[in-house]
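K.L.:
In the numbering used here, the protein residues as written are 101 to 379.
Backbone N, C-alpha and C define an ideal beta-carbon position, used for all residues, glycine too.
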């Protein structure tokens, strides 16, 4: 694993040489150099937590739209490398950012590196999150602090830093919330509170960063089970939904793309949960 706060970059070539100051990685053998020196657009999208789960699917979708991708990960180095290779096969560069989002200085360092990239940051997707189980009566303070640091403070700090780089451009920030933000999930108190706060943050940022930057949120429902959710528990939840089936990652991806492309929506949370809020 790269040292904390390190940026690992796939090669960006000019005149047959990698650009100064960037480490390089071999291109996929399926791509020629000529194909990789001409990119569809000069926009960069940063996805936090982009190596796994919904973050990964969003990163791949934006790559298909022609965005260069800055892919943040914390500890999933192998999965990040795999996702980056898939992105490169789509004909756009992938830049790997390793950082612990609980540490403000590491977030700041990431954006310093992003500012030196040849593409311009125009999209930020705050996807990284943690979801610990617990009880408000016994939840450790450290777990509370870590959850709010990753799920709420980090999106705020990333939005601050991204706004500086988006000045003079039509920027878009998408926060990944959860339909559970509207529920009283007693088994996930810190997570639920952090996501409710993220939706308030979304509205405040939309006011503060207008008119140049639009800020919205997407709140998925039963899309992917958490690692500690049993299949039986998951199916019981799914069968309670009005639609009677779980969602697919593509349902969330489509919502994200819609909010990125619609220039007249800001400060909103688009709920994608199959009616979970109705039960």
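Name the two residues that bound the continuous alpha helix (DSSP H) containing residue 160.
P.N.:
Its alpha helix (DSSP H) spans residues 153-164.
K.L.:
How is residue 207 classed by DSSP in three states: helix, strand or coil?
P.N.:
helix
K.L.:
Residue 274 bridges to which residues according to DSSP?
P.N.:
225, 316
K.L.:
Compare the C-beta of residue 209 against all C-beta atoms of chain D and say whether one is closer than 8 Å.
P.N.:
Among the protein chains of the structure shown there is no chain D, as only one such chain exists.
K.L.:
Report all residues from its chain with a CB closer than 6 Å to the CB of residue 149; omit the five preceding and five following residues, and keep chain order.
P.N.:
Cβ within range, chain order: 155, 227, 228.
K.L.:
Assign residue 173 to buried or exposed, taking buried as 16 or more other Cβ atoms, counted over all protein chains shown, within 10 Å of its Cβ.
P.N.:
buried
K.L.:
Evaluate contact between the region 342-350 and the region 171-187, counting only Cβ atoms and requiring at least three cross-stretch pairs below 8 Å.
P.N.:
no
K.L.:
Given this structure, state the Cα-to-Cα distance separating residue 292 from residue 367, to the nearest angstrom.
P.N.:
20 Å
K.L.:
Using only CA atoms, which one of 206, 309, 353, 230 lies nearest to residue 163?
P.N.:
353
K.L.:
To which residues does DSSP link residue 369 through a beta bridge?
P.N.:
In the DSSP output, where bridge partners are listed per residue, residue 369 has 317.
K.L.:
Figure out for me which residue from 321, 259, 362 has the closest Cα to the Cα of residue 350.
P.N.:
321
K.L.:
Quick one: what's got a C-beta closer than 7 Å to residue 250's C-beta in the same chain, skipping five residues either side?
P.N.:
Correct list, in chain order: 201, 202, 228, 229, 230.
K.L.:
Closest to residue 245 by C-alpha separation, out of 270, 212, 289, would be which residue?
P.N.:
289
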